[in-house]
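Enquirer: Got a structure for you, written out below as structure tokens; questions coming shortly.
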């Protein structure tokens with residue numbers, strides 16, 4: 003369903019991008035997501051899964067390279083356009099929206115490296131890929147640490163007691179990697195390349211980490227089973243194991259010196275995508291409720307004509323608009339500054355995901371029993387939305403980290 | 003306004019006590035509270051203040067000795083009766099409900115001391131007092147510590163770094179007291195006796211504290227000004243200062259060995275009173291809203307006939323019933339066990355005060371602009387209720403302390 | 017996990033009943049519920065489903081007749097015991113608890129008929145059943161009406177414009193039933209007997225309805241597919257169709273004259289079960305969170321030792337205790353008086369289900385990503401709890417209906433209660 | 017306290033305006049507001065009240081004509097600048113900000129009349145006023161109706177059963193006004209001119225109303241007492257009475273034909289001011305909490321270093337930023353198109369006031385007992401914020417009205433916007 007954009011200055015390009023993304027979301031993403039939601043996690047990545055044709059179409063249209071610079075073949079959208087397109091993808095499916103972003107993460111980081119050789123080897127082939135055969139994943143979370151690895155402001159973050167689950171040791175011109183990433187690696191079991199976070203210098207705790215790109219066909223790499231979970235079942239996730247995996251020295255993209263600032267940057271970027279997808283998801287829930295209430299008759303007249311319903315429909319509408327407003331404000335800031343101001347990304351992510359969850363909750367309540375069945379879209383939206391409160395930094399952890407930044411920087415000049 | 007009691011087994015005594023308390027609350031407490039609310043804090047305790055005749059009537063009826071044992075002249079109500087009477091007093095005024103309880107605190111603690119001399123000297127005269135001339139106060143809070151002094155489960159509580167603002171040193175047969183209590187001492191500036199918490203052994207932090215009774219006419223005692231605040235303006239509060247104040251050794255009722263368990267006991271007891279008063283306050287807000295909605299016409303019919311209003315009125319009713327249910331369940335437990343299980347008192351206090359606050363908030367919303375004016379009762383109820391979320395342990399601090407107890411004891415056998 | 021009961025006066029019987037129910041919930045309900053949750057709805061009621069051996073055990077222990085009067089072979093529990101036992105069952109599984117209650121609904125209402133023939137024919141065999149072969153269902157909801165049929169206080173309830181999806185007419189000595197019940201009939205597709213509400217006098221709208229007991233093997237009865245849904249997947253639900261189904265005249269349990277008050281009383285009773293099951297479900301979520309945070313290490317120490325965690329754990333505990341207090345207060349009132357005061361049941365149901373939902377929400381948040389996976393129990397609890405906000409009267413509808421009652425009756429006089 | 021603006025494209029003008037407004041808010045508004053808060057309502061408008069010197073300074077700087085078009089002597093701010101400046105004023109005092117807006121309302125509406133005589137007689141003198149001696153008020157609310165008169169979308173709005181408390185009838189070349197406005201008229205008892213809504217054609221209910229500019233020195237006008245209330249005590253409010261007050265025909269600014277759309281447009285504009293002021297108020301609460309938690313030591317270290325505090329401080333910050341984002345988005349839309357899309361203003365107003373209230377609530381909780389005393393600013397902020405949930409359309413009423421608009425117009429077509 004279309005929506006009125008509160009921004010009166012959208013360009014023709016903006017509108018064309020939005021309409022194209024909406025069409026793709028409606029015709030391709032939604033039907034695929036529904037099928038994947040009802041399969042087991044294993045079936046969802048089996049050879050005959052509808053995931054593969056979807057990825058092929060998405061890559062052919064370039065939706066895998068939204069974040070990549072134009073000079074290497076990426077789309078390089080304006081910040082506003084990133085928001086607009088991401089919102090439409092999130093409207094189609096939050097999980098597939100995430101997947102289409104994480105496939106680019108290793109290549110996105112390489113693109114910032116200024117290393118021509120790596121760019122030729124990794125970035126360009128990815129940007130030129132039109133069949134979905136090159137897929138990155140974001141290998142950061144660890145089985146024993148949860149949101150510890152993101153807790154930059156906490157004392158524990160730099161404590162030597164924090165022992166990473168994946169370690170890298172320099173051996174001549176090669177890094178040797180050992181350990182395990184948790185089942186929450188998005189795109190993990192179907193990836194061809196990983197953006198891997200490893201501990202290099204334990205004396206600095208997690209501040210002694212680095213980030214590297216790892217081709218997944220190297221000896222010693224193995225993958226776990228796809229994870230079974232409540233929501234975002236269309237987003238593949240799963241464990242990755244490393245057993246004496248060797249990579250060339252230059253594959254280490256970020257060393258401990260730059261690690262913390264790069265981590266904050268990644269988080270600031272990813273959180274803004276989360277906020278955009280959550281706006282789309284929330285709008286989807288609003289539309290479902292809105293359409294249902296127009297048709298469903300109760301007490302002799304359509305639900306929408308009851309005052310309580312109008313009030314509730316308005317609350318849902320208000321949340322969508324508020325999500326979009328704060329997300330755009332933050333994306334205009336942080337896609338234009340380097341390094342970004344992470345606290346503003348956290349504002350957008352936490353507010354937008356909370357409101358998105360509330361909208362799916364209200365949508366179920368308005369649909370009543372029907373909202374709980376598999377025949378209507380809202381129960382999937384609800385399960386998907388529940389995941390967003392934890393995904394990419396659980397909201398409480400982001401708030402604590404944000405509070406730490408405020409303590410030190412407010413008011414920024 | 004009367005209410006239907008969900009307990010089908012109330013005795014005739016219970017009902018008689020309730021009806022008497024309701025009458026006192028309606029005819030005496032409410033009008034006095036309204037007058038005091040509109041005076042300055044100073045005026046509220048001046049010689050011609052309506053507070054004094056109110057106290058006289060309350061003492062004459064025995065409402066100052068609800069918690070005291072019958073053998074010394076107290077009322078010694080059953081746990082259920084304490085709840086019933088306190089709820090009615092809280093319905094009349096939360097602030098005056100608190101005052102009528104704290105006046106008894108020093109004497110309540112002495113009554114548990116088994117020291118006949120002290121009982122003769124302090125408890126019996128208090129119980130026999132019918133003119134309001136003997137008044138205790140609860141001198142626990144300190145300017146630099148806030149809820150620290152209640153944070154029994156926190157590490158800091160036993161840290162030698164915690165320096166009390168009031169210290170007691172043994173000098174022969176006398177304790178010598180120096181320091182200051184904060185402006186939050188309830189009944190402080192009008193008290194004749196204080197239940198005073200002092201630090202004796204700083205090496206144990208606040209666990210090295212003791213509790214004593216201090217006649218306020220001793221040399222070296224002085225009082226600050228009554229505190230100006232937003233809500234519960236009818237509850238006198240203010241600072242107390244101690245400058246080389248000397249008390250006999252036996253006035254120290256609780257020494258460091260028993261301090262922590264006695265503190266938990268006091269808190270468990272006081273929290274249950276809070277929960278009961280909050281039920282009464284919440285019911286008062288419900289009644290105001292209920293009556294207003296029956297009379298006020300909107301869109302051509304009484305407010306109460308709109309569906310949204312019915313729904314809201316029911317929510318308010320539901321909160322009152324829920325507050326009463328959990329409060330009674332906890333009071334039946336903790337007035338019958340020694341030592342009490344404090345976590346259940348914290349449940350009742352935090353839930354009841356949150357729901358009470360919500361009810362006053364909703365009441366204002368239902369009254370609209372009128373709810374904000376001084377002509378209607380709800381704006382005072384709202385200000386009073388806001389205080390309860392902080393009073394007697396702020397709710398977050400109680401939750402943390404409660405969580406600490408659960409960590410160690412759940413499930414109790 | 018055991019819990020400390022705030023009531024210091026529990027009898028030995030109370031405690032024995034509780035412990036037995038807990039054991040049953042832990043050893044039988046939980047494993048069965050987990051299996052059923054992961055099957056399709058059809059598989060869950062197929063011949064080889066674990067549902068059948070489970071029901072057999074439950075019936076053998078008598079958990080199908082908790083609500084039945086002792087005189088007809090029921091349990092004869094005190095109100096307090098009903099609360100205690102149903103809380104434990106809800107701890108085991110909300111969905112299976114609902115099922116164990118609705119199987120008795122046609123028979124429960126038949127008890128009140130004072131018709132010896134019906135009691136002999138239906139009630140006693142049900143109470144004596146030990147193999148799960150006699151199963152009732154509650155055929156109230158209709159496809160076109162949702163909560164309309166429960167909206168006793170609203171004007172349209174008795175408006176002739178409300179056309180029921182299910183009609184009954186008298187033809188000589190027989191009732192003839194035609195129509196359909198919606199997919200939300202609990203126990204519908206596996207039932208042997210239904211408690212069916214049907215419109216008799218459309219000029220009175222839904223107030224012109226009556227209630228019937230219908231053996232499901234009569235000609236003209238057919239059943240839809242088992243419903244696929246997000247939560248309480250272990251509770252069978254599905255549509256029922258009636259095509260010229262003929263019943264003896266005596267099978268009408270409630271006539272239109274008594275329909276509104278009996279419906280209200282049934283709702284008042286069922287809502288209190290909801291409140292008790294929700295307490296159990298909420299306690300289950302609390303326990304999962306407590307145990308997890310004691311084991312999980314973050315920032316070098318167990319999660320539970322962080323202040324924020326302690327605070328949150330306490331909030332969860334506080335909800336469980338509050339739910340139990342209000343559920344018990346409601347049960348003690350409304351299982352003791354007749355007719356009940358329904359608004360107190362609505363208080364208990366709406367409060368308890370909201371708090372239970374909040375507890376499962378918090379439990380997921382405390383478990384983080386793990387809370388979302390199928391390896392931990394909380395994601396099922398969350399889906400089950402979400403359902404309860406709509407089940408047995410959407411909470412908003414109950415609040416409106418309750419508000420209507422409060423408007424008309426507050427304050428009720430104490431003497432009404434029969435104390 | 018300064019803040020970092022998320023908008024990287026602020027012009028030098030924007031920044032200069034913001035800094036000037038902040039200085040005025042800090043040095044003039046805050047101290048005056050604190051004094052007024054502690055006086056009785058009558059004292060607050062007595063001859064020696066600090067209100068008068070304050071107004072004089074405000075008028076001299078032009079803060080009374082923020083909303084007025086440049087062509088008539090107004091400020092001519094861009095929509096973004098309106099948001100920036102009003103936020104700063106709201107930070108200084110919500111109540112005084114409202115006052116500085118309502119003083120312009122009769123003149124603002126007179127601008128749209130295209131009647132040169134009225135513009136010369138009323139608008140220009142107001143814009144040129146530098147001593148605070150010309151003060152409008154917004155005489156909308158009526159004692160018997162509350163939010164009824166704003167309920168444009170509801171059926172009863174145009175029902176003949178709705179009898180206005182204020183009537184106007186044409187008598188030759190003059191309007192004759194009779195009736196009363198409620199105690200909620202902002203600026204009422206100190207006004208020199210009123211924007212009065214009166215019912216002209218009762219057969220159309222409130223839709224048969226019109227708007228008039230009324231000099232308050234006309235015979236038959238009288239004023240009630242200044243209203244005593246909990247919050248925004250620095251905002252004068254009070255009743256107005258009209259007894260056969262006669263006005264020239266041309267003083268009718270809006271006829272019944274245009275009343276509903278003009279009322280809606282006015283509400284859309286005023287709601288966006290509410291949203292911006294609330295952002296400022298909310299930021300004030302955030303700053304108080306931030307500063308306090310940095311200084312206050314608990315458990316041996318500053319409060320801010322506790323994790324729970326950091327989390328809470330962040331939540332407060334998040335609300336402020338979100339309020340500003342939605343308020344600006346709304347202002348940028350509805351100050352740029354005509355007629356406005358009111359539902360977007362309602363989004364901004366309801367969100368922003370709810371979040372502001374939550375922030376003042378949290379601020380008190382973080383300050384603990386101190387937050388309740390008159391020594392700290394937050395208790396006043398809390399009382400002021402509570403008021404805003406009802407002010408200028410109760411949030412529930414706005415939501416219902418907004419829901420009505422959404423129902424009828426969603427999704428609006430992009431072309432409507434005039435982009």
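Protein chains in written order, with our numbering: chain A, 3 to 415; chain C, 3 to 415; chain V, 17 to 435; chain S, 17 to 435.
We treat Cβ as the ideally placed atom computed from N, Cα and C, and that holds for glycine.
The model shown is predicted, which means the values in this text are computed figures rather than measured ones.
Which partner residues does residue 182(S) have in the DSSP bridge list?
Expert: 195(S)
Enquirer: Please check if any C-beta of chain S sits within less than 8 Å of the C-beta of residue 434(V).
Expert: Its pLDDT being 42, under 50, residue 434(V) is placed unreliably by the model, and the measurement read from it follows with that caveat. No - not a single Cβ of chain S is within 8 Å of the one on residue 434(V).
Enquirer: Along the chain, where does the beta strand (DSSP E) containing residue 117(C) start, and where does it finish?
Expert: Taken as a continuous stretch (DSSP letters only), residue 117(C) belongs to no beta strand (DSSP E), as it is neither H nor E.
Enquirer: Would you kindly work out how many angstroms separate the C-alpha atoms of residue 89(C) and residue 357(C), rounded to a whole number?
Expert: Going by the C-alpha atoms only, they are around 14 Å apart.
Enquirer: Among residues of its own chain, excluding the 5 on either side of residue 277(A), which ones have a beta-carbon nearer than 6 Å to its beta-carbon?
Expert: Around residue 277(A): 329, 350, 351 and 354.
Enquirer: Starting from residue 57(V), follow the beta strand (DSSP E) in both directions and report where the run begins and ends.
Expert: Looking at the DSSP string, residue 57(V) is not in any beta strand (DSSP E), and its letter there is neither H nor E.
Enquirer: Can you check whether the CB of residue 168(A) is closer than 8 Å to the CB of residue 179(A)?
Expert: Yes, these two residues count as a Cβ contact at 8 Å.
Enquirer: Does any residue of chain A have a CB that is nearer than 8 Å to the CB of residue 367(V)?
Expert: no
Enquirer: Out of curiosity, what's the CA-to-CA distance linking residue 342(V) and residue 397(V)?
Expert: 21 Å
Enquirer: Following the continuous alpha helix (DSSP H) through residue 59(C), name the residue where it begins and the one where it ends.
Expert: For residue 59(C), the enclosing alpha helix (DSSP H) stretches over residues 53-63.
Enquirer: Tell me, please, whether the CB atom of residue 304(V) is closer than 8 Å to any CB atom in chain A?
Expert: no
Enquirer: Hey, quick one: how far does the beta strand (DSSP E) through residue 229(C) stretch, first residue to last?
Expert: Element bounds for residue 229(C): n/a, residue is neither H nor E.
Enquirer: For residue 313(C) and residue 361(C), I'd like the C-alpha separation in whole angstroms.
Expert: 13 Å
Enquirer: Using only the alpha-carbon positions, how far apart do residue 153(C) and residue 399(C) sit?
Expert: 7 Å
Enquirer: Using the beta-carbon of each residue, which ones in chain V are nearer than 9 Å to residue 396(A)?
Expert: Chain V residues near residue 396(A): 381, 384 and 385.
Enquirer: State the start and end residues of the unbroken alpha helix (DSSP H) segment that holds residue 107(C).
Expert: 107-113
Enquirer: Just to confirm my understanding: we take residue 100(V), look at its own chain, exclude 5 residues before and 5 after, and list those with CB closer than 7 Å. What are they?
Expert: 30, 33 and 34
Enquirer: Identify, in the order they occur along the chain, each residue of the same chain with its Cβ nearer than 7 Å to the Cβ of residue 37(V), setting aside the five sequence neighbours on each side.
Expert: 101, 104 and 105
Enquirer: Exposed or buried, what is residue 299(A) when buried is set at 16 or more other beta-carbons lying within 10 Å of its beta-carbon?
Expert: exposed
Enquirer: Applying the criterion that 16 or more other CB atoms from any shown protein chain within 10 Å of the CB defines a buried residue, is residue 285(C) buried or exposed?
Expert: Residue burial annotation: residue 285(C) is buried, with at least 16 other C-beta atoms found within 10 angstroms of its C-beta.
Enquirer: Going by alpha carbons, who is nearest to residue 463(S) out of 26(S), 253(S), 238(S) and 237(S)?
Expert: Outside the displayed span of chain S (17 to 435) sits residue 463(S), for which this structure offers no information.
Enquirer: Relative to chain B, which residues along the segment 388-407 of chain V have a C-beta separation below 9 Å, given in chain order?
Expert: The chain inventory of the structure shown lacks chain B, comprising the protein chains A, C, V and S.
Enquirer: If we define contact as Cβ-Cβ less than 8 Å, is residue 1(C) a contact residue for chain V?
Expert: The structure shown does not extend to residue 1(C), since chain C is modelled only from 3 to 415, so the question has no answer here.
Enquirer: If I measure Cβ to Cβ from residue 24(S) and keep anything under 7 Å in the same chain, skipping five residues before and after, which residues do I get?
Expert: none
Enquirer: May I ask which residues mark the beginning and end of the beta strand (DSSP E) holding residue 180(A)?
Expert: 176-183
Enquirer: For chain A, is any of its Cβ atoms less than 8 Å away from the one on residue 311(C)?
Expert: no
Enquirer: Where residue 28(C) and residue 67(C) are concerned, what is the direct C-alpha to C-alpha distance, given to the nearest angstrom?
Expert: 20 Å
Enquirer: To the nearest angstrom, how far is the alpha carbon of residue 60(V) from that of residue 250(V)?
Expert: 7 Å
Enquirer: Counting C-beta neighbours from all protein chains within 10 Å, is the total for residue 435(V) 16 or more, i.e. buried, or is it exposed?
Expert: With a pLDDT of 40 at residue 435(V), under the threshold of 50, the predicted position of this residue should be treated as unreliable, and no value is reported.
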